[in-house]
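In what follows, a single structure is set out as structure tokens and then discussed.
In the working numbering, the protein residues as written are 7 to 372.
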């Protein structure tokens, strides 16, 4: 079997044009078509990279995933583009073998994938009562874990320094308190700071939020200085989670060596792909660190992430977007199967879903 073509489909996503979805299809001479997704967020040239990679892939054996990955990675290929291609190759191999991808990765470690919802607060103003009500509505839908933003709506978001003022700290604590009171003690709650703070401010934030028993504080400072992040992790009792913008196991190495995070969140659509996430997870497990994959854009990456999560011993929880674009379920052959806060795969070969080309064309991004 040989690869005959690579096609790229950019689609309008949440807060368009901020978060486009980029789907990848790889065709073969056996009639099998593999599906993948690349993350365009905070990355340039992804679509161009995918188009440029077509001549390198045509004529290649899609089963040679490891070899193709190494050749492309060593040539400096955009990691997000490589992720989408690698996903599609696994989809082809799964279909050819008549097995879901998770079986090719070692089989199931669990029956379903627990998810937490990001964006449950969409449509609400940054006001205690509105966030609390949105949290209650998410829990009523069956979700048992939520994540909320704390940095963007406060005044410091419009300043260039990373220092938090007393009024900012109070506001963030009150918002978290309102959500915790609304959902109760048994719902897991995480916050995302998007790397907004400096070390001292992050430590102060951790102390202020300690009473609310958070699942984690995500990216309290930028992930560009692992020594600084390690200091935050050491001085904060709430677990620190990071890693969404790190690509390949090589970029995660220093994080583990410095013990700079308690939980990691590689993103399948930009970290290097399915097998690379398994390698990152295995490396994390040697430090007894769980993975909670980042997952912010399209349904293909969500399904692919679930295959990895099912087969990974140190998996913790997967991100799922609530309040996404209204056409999200139209883009693939069947909606992402979420029930009672869990994602259940159907056991079909490969990824188990195909692209709905009519919907992709209807919502195509230019």
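The beta-carbon is built from N, C-alpha and C at its ideal position, and this holds for glycine as well.
Local conformation of residue i per DSSP, three classes
i	result
residue 268	coil
residue 50	coil
residue 317	coil
residue 160	coil
residue 135	helix
residue 223	strand
residue 154	strand
residue 296	coil
residue 116	coil
residue 348	strand
residue 199	coil
residue 189	helix
residue 8	coil
residue 34	strand
residue 280	helix
residue 305	helix
residue 108	helix
residue 212	helix
residue 259	helix
residue 356	strand
residue 204	coil
residue 330	coil
residue 22	coil
residue 61	helix
residue 67	coil
residue 79	helix
residue 230	coil
residue 101	helix
residue 376	Shown here, the chain extends from 7 to 372; a query on residue 376 therefore has no answer.
residue 129	coil
residue 85	helix
residue 170	coil
Beta-carbon separation (whole angstroms), residue i vs residue j, contact threshold 8 Å
i	j	result
residue 69	residue 28	Not a contact, Cβ separation roughly 24 Å.
residue 89	residue 276	6 Å
residue 218	residue 184	That pair is no contact at about 10 Å.
residue 207	residue 169	5 Å
residue 211	residue 178	7 Å
residue 66	residue 8	7 Å
residue 369	residue 17	5 Å
residue 357	residue 92	12 Å between Cβ atoms; not a contact.
residue 205	residue 238	6 Å
C-beta atoms of residue i and residue j nearer than 7 Å
i	j	result
residue 40	residue 102	no
residue 306	residue 43	yes
residue 145	residue 189	yes
residue 311	residue 111	no
residue 371	residue 337	no
residue 52	residue 79	no
residue 209	residue 241	yes
residue 64	residue 326	no
residue 47	residue 313	no
residue 132	residue 161	no
residue 295	residue 323	no
residue 268	residue 245	yes
residue 115	residue 319	yes
residue 243	residue 216	yes
residue 234	residue 175	no
residue 45	residue 87	no
Beta-bridge partners of residue i, as assigned by DSSP
i	result
residue 29	15, 43
residue 338	361
residue 325	122
residue 273	300
residue 242	BP columns for residue 242 are empty, so no partner.
residue 370	17
residue 248	270
residue 194	151
- Determine, using beta-carbon pairs with one atom in the segment 51-68 and one in the segment 12-25, whether at least three such pairs fall under 8 Å. yes
- Message: For the structure I just gave you, are there three or more beta carbon pairs, one from the segment 15-34 and one from the segment 74-84, closer than 8 Å?
- Response: no
- Message: I'd like to know if the segment 218-233 and the segment 195-202 are in contact, where contact means that at least 3 CB-CB pairs between them fall below 8 Å.
- Response: yes
- Item | Three or more C-beta pairs below 8 Å linking the segment 340-353 and the segment 292-299 | no
- Query: Does the segment 339-347 come close enough to the segment 92-110 that 3 or more CB-CB pairs lie under 8 Å?
  - Reply: no
- Item | Contact the segment 276-290 vs the segment 253-264: 3+ CB pairs below 8 Å | yes
- Query: Is the number of C-beta pairs between the segment 127-142 and the segment 301-311 that are closer than 8 Å three or more?
  - Reply: no
- Task: Take every Cβ of the segment 149-156, pair it with every Cβ of the segment 177-196, and state whether three or more of those distances are shorter than 8 Å.
- Result: yes
- Three or more C-beta pairs below 8 Å linking the segment 236-252 and the segment 268-284: yes
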